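First up is the structure itself, then whatever we jot down about it.
2 protein chains.
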Amino acid sequence: MTGTTPSFSAFTRFLALTALLALGMHAQAQTDPLPSWNDGAAKQAIITFVEETTMQGSPKFVPPAERIATFDQDGTLWVEHPMYSQVMYILESVPALVKAKPELAKVAPYSTVLEILKGDRAAIAKLTLPDLEKLAMATLTGMSVDSFSAEAKKWLAEAKDPRWKRHYTELTYLPMQEVLTYLRANAYKTWIVTGGGQDFVRQYSEAVYGIPPEQVVGSAVGTKYGYARDGSPFLTKEPKLLLNDNNAGKVEGIHLMIGRRPHMAVGNTSGDQQMLEYTKAGDGARLSMLVMHDDGEREYAYGPAQGLPATKVGAFTQALYDEAQKQGWTVISMKKDWKKIFSFE
Amino acid sequence: MTGTTPSFSAFTRFLALTALLALGMHAQAQTDPLPSWNDGAAKQAIITFVEETTMQGSPKFVPPAERIATFDQDGTLWVEHPMYSQVMYILESVPALVKAKPELAKVAPYSTVLEILKGDRAAIAKLTLPDLEKLAMATLTGMSVDSFSAEAKKWLAEAKDPRWKRHYTELTYLPMQEVLTYLRANAYKTWIVTGGGQDFVRQYSEAVYGIPPEQVVGSAVGTKYGYARDGSPFLTKEPKLLLNDNNAGKVEGIHLMIGRRPHMAVGNTSGDQQMLEYTKAGDGARLSMLVMHDDGEREYAYGPAQGLPATKVGAFTQALYDEAQKQGWTVISMKKDWKKIFSFE
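Heads up: the sequence lines are chains A and B, in that order.
One point on numbering: in the numbering used here, the residue at position 11 of the first sequence is -6, and numbering is uninterrupted.
One point on numbering: in the numbering used here, the residue at position 201 of the second sequence is 184, and numbering is uninterrupted.
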């Protein structure tokens, strides 16, 4: 027996060990990436899409740099009922505004908001979309970008949803979190494309979804550059809507901020319709999905024939459902497709 | 001698080999990341900045997610004389416009452009910034985003710089390419923040700089979503400036598109001043740099006391140089700091 043979055999054992490890990793890669999803068309559509677009040699292969997936937020990644959390934030910012300008207390929509905050929840129905825009502009105008961040962060750390008594940031859908993680593990860049305020969502997108601020496209007002008394530069929010990131605005926002057509998009109302049709109209593999809120027990039931009031900006109407069928978008039934909705269940 | 010892010794040898490999990798990491830079304050400032912000435990450590570096393009990453390449593109798009609307041939600024293209280079001086904006709007309005991409790509593949007789995309500065690569190897996200057209720069940013389209912030017009006769959706360019990405607009654009203050910024004219001061005013380690064009032999000499005409949008004036000194920005002398300017030298 020479000195070579045993070390060679040791090397063989090392190789075998490496192979075993590699097999282990492979086995791990084969475990279910979407454990909170029930088997069905929606889950299968996601897995097929990811496999077809990422497997080398696949006719539908998409180079990593072009792997863009966009997600609406309210109602798609987290709860939007009974009211968008950002609307609650705006309403709860009104008392400070009224304190600074007491004459507003008797003027609508400020007076309506004060009623709502005193407990008259039904008064929310009186607020129109232009009212909300007016309130949003009034509460943020002239605020520095840094003060806005600090106040939004403070509110998010304190405010709680009335039904679950949990922070809004806990009310994300576990199955969608799994989709985000699965896509990123396959070199997809995940983006939020929301009708909500871009600067608001950026305060928590990284901590809550693993999506960095620069991958959040949302409604945005302009800012103005200026200098403090000590000469240090800062940005102030201006009452000028730069991007209304709803409906066609979502596609325009995607072009402005991303510059490529997504390969996958998920939404839940007619405010997402254009994003879904634009995504689906691209060549190669494209996946458009609609989240349907049909689980009145575990979450809320609204949309086609559910009888619950539509959300302010868009709605999941029968027409939208028909459009999904016609264009080949995949509908996700929260009731049937999701084993678990929240991680705290 | 048992069977264990030799395999153990083989394992030891394996460990030693691994250690050697690791050392080799370490040695490689120690090789000069900026070989086209001469030793000096500018090179040292870059290396110190990267080491201080990326070494675990350093008091100036910056978490990877916050590592943002922004670069002006014209005059900072590539040649901007005698005229921005995009301005050449716009001028060379005018004949097609005049062909479609012959009445324009006798109206300024279209008539001026036709003179320039016939060979009267001096006539370029007649064009004002509003003229250029007017031409840009006229040549792109009503064009679909996809047609714009295709035409810009075609032009870039054909057009050549008059001095070097090379494609514009070959005229990037090798030392700056090294900085981009060095930053990315240290988990920095590199961004272009240009006064040039966002959609124009996005056509080549990935191939030329390794910077994907979504990391290009530039001047941008609005787009409008619509449908072709066959029902397929598309975006058309609108004659409405959404973002004028010059001066204070660069900081406003950074907030809109990135949402974080950069840790490093590089520019070369007063059009970059606000970006550089905003970057430098952040807490922790911040590096602001100004490229000074002082090499009339290898490139061009213009700026403080160089006598060459300033570029249209901004200029490297004596006042800007003084500002750099006052605020602690690092000035890069192309003549002294750069061993090589172009890769083809």
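Built from N, CA and C at the ideal position, the CB exists for glycine as well.
None of the values given here were measured: they were computed from a predicted structure.
*Sequence-distant residues of the same chain with beta carbon closer than 6 Å to L270/B, five excluded per side*: Hits under 6 Å: F32 and M247.
*Output yes or no for whether 8 Å exceeds the beta carbon distance between T59/A and V274/A.*
yes
*What does T177/B touch in chain A if you count any residue whose Cβ is under 7 Å from its own?*
Going along chain A, no residue has its Cβ under 7 Å from T177/B, so there is no contact; the nearest lies around 13 Å.
_List, in chain order, every chain A residue whose beta-carbon is nearer than 8 Å to that of L218/B._
Neighbourhood of L218/B in chain A, by CB distance below 8 Å: V234, E235 and H238, in chain order.
_Which runs of the beta strand (DSSP E) at least 3 residues long sit entirely within the stretch 254 to 292 of chain B? Give them in chain order._
270 to 275
_Residues that G250/B bridges to, as DSSP identifies them_ = L273/B
*Rounded separation between D266/A and L80/A - CA only*: 50 Å
*asked:* Cβ closer than 7 Å: which chain B residues qualify as neighbours of Y261/A?
replied: Within chain B, the C-beta atoms nearer than 7 Å to that of Y261/A come from P216, in chain order.
_Within-8 Å CB hit, R269/A to chain B_ = no
*Compare the beta carbon distance of L239/A and L224/A with 8 Å and say whether it is the shorter of the two.*
no
_Start-to-end residues for the alpha helix (DSSP H) that takes in V70/B_ = S68 to A83
*When the Cα atoms are used, what is the spatial distance from I241/B to Q198/A?*
The alpha-carbon atoms of I241/B and Q198/A are separated by roughly 8 Å.
*asked:* I'd like to know if L3/B contacts chain A, where contact means its C-beta is closer than 8 Å to some C-beta of that chain.
replied: For L3/B, the predicted structure reports a pLDDT of 49, less than 50, and the residue's modelled location is therefore unreliable. A value from the coordinates is still provided. Output row for L3/B: interface = no.
*Spatial neighbours of A284/A within its chain, please: CB distance less than 7 Å, with the 5 preceding and 5 following residues excluded, ordered by chain position.*
H276, D277, D278 and L291
*Nearest candidate by alpha-carbon position, reference M120/B, set S76/B, E328/B, S188/B and T173/B*: S76/B
*Can a CB atom of chain B be found closer than 8 Å to the CB of G242/A?*
yes
*Close beta carbons around G201/B, own chain, < 6 Å, minus the five adjacent residues each side*: Residues of the same chain with a CB within less than 6 Å of the CB of G201/B, apart from the 5 flanking positions on each side, are T177, G179, G180, Q181, V184 and D228 in chain order.
*Helix or strand or just coil, what does DSSP make of E170/A?*
As written in the sequence, residue 170/A is Ala, which differs from the Glu given in the question. Coil.
*So, is the C-beta of R185/B closer than 8 Å to a C-beta in chain A?*
yes
*P18/B versus M159/B, K309/B and L115/B, residue with shortest Cα-Cα distance*: M159/B
*asked:* Whether or not the stretch 211 to 219 of chain A and the stretch 255 to 266 of chain A are in contact is what I'm after, with contact meaning three or more pairs of Cβ atoms, one per stretch, closer than 8 Å; do they touch?
replied: no
*Going by alpha carbons, who is nearest to T252/B out of T152/B, W20/B and Q56/B?*
Q56/B
*asked:* Just to confirm my understanding: we take A135/B, look at its own chain, exclude 5 residues before and 5 after, and list those with CB closer than 6 Å. What are they?
replied: F183 and Q186
*Quick one, which residues of the stretch 196 to 209 of chain A are near chain B if we go by CB-CB under 9 Å, in chain order?*
P196, E197, Q198, V199, A203, G205, T206, K207, Y208 and G209
*Give the interface partners of V128/B over in chain A, defined as CB-CB distance under 8 Å, in chain order.*
Think of a sphere of 8 Å around the beta carbon of V128/B: the chain A residues whose beta carbon falls inside it are H238, in chain order.
_Rounded Cβ spacing between L163/B and V234/A (contact assumed at less than 8 Å)_ = Actually they are not in contact, since the Cβ atoms of L163/B and V234/A sit about 30 Å apart, beyond 8 Å.
*Any beta-carbon of chain B closer than 8 Å to the one on V296/A?*
In this predicted model, V296/A has a pLDDT of only 47, less than 50, meaning its place in the structure is not dependable; the value taken from the coordinates is given anyway. Not an interface residue.
*Taking all protein chains shown into account, do 16 or more other C-beta atoms lie within 10 angstroms of the C-beta of W321/A, making it buried, or fewer, making it exposed?*
buried
_Since A170/B and R50/B should fall inside the 8 Å C-beta cutoff, what is the C-beta to C-beta distance between them, to a whole number of angstroms?_
The pair is a contact, with the Cβ atoms about 6 Å apart (cut-off 8 Å).
*Report yes if the C-beta distance between A25/B and T313/B is below 8 Å; otherwise report no.*
yes
*Of all Cβ atoms in chain B, is any one closer than 8 Å to the Cβ of E306/A?*
Not an interface residue.
*Between the Cα of G23/B and those of I73/B, A302/B, F327/B and K319/B, spot the shortest distance and give me the residue it belongs to.*
Comparing Cα-Cα distances from G23/B to each of I73/B, A302/B, F327/B and K319/B, the minimum goes to K319/B.
_If the criterion is Cβ atoms closer than 8 Å, does the pair M126/B and K220/B meet it?_
yes
*What are the residues that DSSP puts in a beta bridge with F54/B?*
I175/B and V249/B
*Use the C-beta contact count for V191/A: other C-beta atoms within 10 angstroms, 16 or more gives buried, fewer gives exposed.*
buried
*Per DSSP, what kind of secondary structure is H64/A in: helix, strand or coil?*
For H64/A, the three-state secondary structure derived from DSSP is coil.
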